[in-house]
Amino acid sequence: MRFLKRVEYKRYFLYLIRWQLSTPILAPIVAWVKHSPSILGTPEDWYAAGIANLIGGLIFFWVDLFIFKSQSLATQWEIKENIRCTDCRKIARGYRLVKTPKYDRTKDINPEFRCENCSMKKSKKLRERGISTEG
């Protein structure tokens, strides 16, 4: 795991601890599902829940890292029904690009929605300027 930075080790460890915090909820559920003699679960139920949470944490750290830090998932669009297109003035379903890695209109007080055709033209112009509209 040399590719992890020192800070990532801390995050990984804290993430695994966070997963273990759900063990008190999971162990009684395991006990209930398997009709355990104790409502709070047997030591085996707690052991199984702890191991399951450890395995889940080991796997989902990487899944969550991809989901929340991936630039390919960073593109955000907003879609509204029955808007007046900013370009052609037609009433239609409206689209607007809100955010990509090089483009941020999240605080735009006057958002510009475009019909599908005009939105495609605007997207092409943005791509020509090096701004990704995919994702």
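Anchor point for the sequence shown: position 75 equals 71 in our numbering, and the numbering is continuous, going up by one each time.
By construction, the Cβ of each residue, glycine as well, lies at the ideal position given by its N, Cα and C atoms.
Helix, strand or coil at residue i according to DSSP, with G and I counted as helix
i, result
"Arg7", "helix"
"Arg110", "strand"
"Ser128", "coil"
"Ser115", "helix"
DSSP beta-bridge partners of residue i
i, result
"Gln16", "Partner(s): none; Gln16 has no beta bridge."
"Trp73", "Leu93"
Supposed close pair residue i, residue j - CB separation, criterion 8 Å
i, j, result
"Ile127", "Tyr99", "5 Å"
"Thr71", "Thr96", "5 Å"
Distance CB(residue i)-CB(residue j) smaller than 8 Å
i, j, result
"Glu124", "Val94", "no"
"Asp83", "Arg101", "no"
"Ser18", "Ala27", "no"
"Tyr11", "Phe57", "yes"
"Arg85", "Glu77", "no"
### Message
Ignoring anything shorter than 3 residues, give me the beta strand (DSSP E) runs that lie fully in the region 75 to 102, in order along the chain.
### Response
87 to 96
### Unbroken stretches of the alpha helix (DSSP H), 4 residues or longer, contained in the region 17 to 62
19 to 29
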